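This report concerns only the one structure given below.
Residue numbers (the numbering used here): 2 to 323.
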């Protein structure tokens with residue numbers, strides 16, 4: 002008889018294989034559903050569980066570290082993943098993950114700032130502008146040309162982002178902690194960097210046939226290294242504060258919830274890019290946008306204006322046309 006530990010390990014592996022097969026079925030529908038839910042609840046989780054006093058570097062570092070641990074666990078449990086780790090070379094890593102790791106790192110900083118300064122619906126509507134930047138960099142890097150219908154849909158997404166950026170009542174400020182202008186700038190910069198990183202990642206996954214878990218691992222590892230280096234050398238804006246107050250100042254046990262969901266979702270995005278493609282990923286995030294509206298109305302109590310609802314549903318034309 003096999004030892005109990007071996008039997009348990011085999012059962013866990015069989016369950017994992019069955020789960021991944023289920024999630025990958027129907028062109029990755031399960032993964033798309035996961036990312037839609039994560040995208041929808043993430044702004045709400047960040048608002049509720051992350052204190053404004055928390056250090057941004059610690060949030061980004063912890064999310065990237067969660068991605069590293071998740072990717073390693075998946076790769077070590079799979080023969081193909083273990084083989085990729087065994088044949089890993091630094092040169093290939095720098096070519097595939099060097100620039101994207103920097104773009105994703107700066108993007109995560111901008112996202113964390115935007116979470117704290119915009120409500121969930123406005124953030125997610127503006128975040129849809131990354132579709133425009135993704136299409137732009139996909140053309141510049143990979144030569145992918147969009148149809149006229151797709152270009153028109155992208156223009157509607159851009160218009161929605163512009164509309165939602167205009168405050169309905171400039172004279173009223175509902176929360177003294179929020180800086181709407183800063184939040185808008187951060188989310189647009191994050192969207193631009195997301196498009197650039199997506200274009201390079203698509204090139205690495207499809208042109209160079211890079212393993213998606215390995216690429217996610219490389220991106221997250223380099224991100225962690227960059228954060229630690231900038232903090233230790235005093236190059237980060239958080240360096241002085243970390244030295245005086247500590248790396249995890251402002252944290253509570255509940256802070257782990259949005260940090261883990263943000264980090265682990267990055268693994269799912271890598272899988273979707275390979276299994277379902279960018280268009281279906283956009284559709285999933287649009288569904289998440291509707292979920293954000295429902296959650297914000299139900300639990301946060303923020304009413305949605307008509308012009309904001311128009312901006313929310315305008316990306317559906319993008320998803321439908323694509």
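For every residue, glycine included, the Cβ atom is placed at its ideal position computed from N, Cα and C. For clarity, every value in this text was computed on a predicted model and none was experimentally measured.
> Nearest to residue 213 by CA position, among 103, 199 and 225, is which residue?
Replying inline: The residue with the shortest Cα to Cα distance from residue 213 is 199.
>> Can you check which of these residues, 206, 194 and 110, is closest to residue 228 by C-alpha distance?
In response: For residue 228, the nearest C-alpha among the options comes from 110.
Item to check | Candidates 208, 285, 286 and 268, of which the one nearest residue 76 by Cα | outcome: 268
field: residue 88 (DSSP reduced to helix, strand or coil)
entry: The answer is coil: DSSP assigns residue 88 none of H, G, I, E or B.
Secondary structure of residue 207, DSSP reduced to three states
helix
Please identify the residue among 180, 82, 204 and 153 whose C-alpha is closest to the C-alpha of residue 141. 204
- Taking the alpha-carbon positions, what's the residue 16 to residue 184 distance? 42 Å
*Mapping DSSP to helix, strand and coil, what is residue 140?*
In this structure, DSSP gives residue 140 a helical state, which the three-state scheme calls helix.
Does the Cβ-Cβ distance between residue 106 and residue 61 come in under 8 Å? yes
* To do: In the DSSP assignment, find the unbroken alpha helix (DSSP H) run with residue 71 in it and report its ends.
  => 57-77
Close-in-space but distant-in-sequence residues of the same chain around residue 85 (CB under 8 Å, 5 per side omitted): 76, 212, 214 and 215
Margin query: Short of 8 Å in beta carbon distance, which residues of its chain neighbour residue 54, apart from the five on each side in sequence? Order them along the chain.
Written below: 250 and 251
Hey, how far is the Cα of residue 293 from the Cα of residue 181? 18 Å
Notebook entry, point to check: Are the beta-carbon atoms of residue 271 and residue 41 separated by less than 8 Å?
Noted result: In this structure, residue 271 keeps its C-beta atom at 8 Å or more from the C-beta atom of residue 41.
| said: Starting from residue 241, trace the alpha helix (DSSP H) in both directions and tell me its first and last residue. | reply: 240-246
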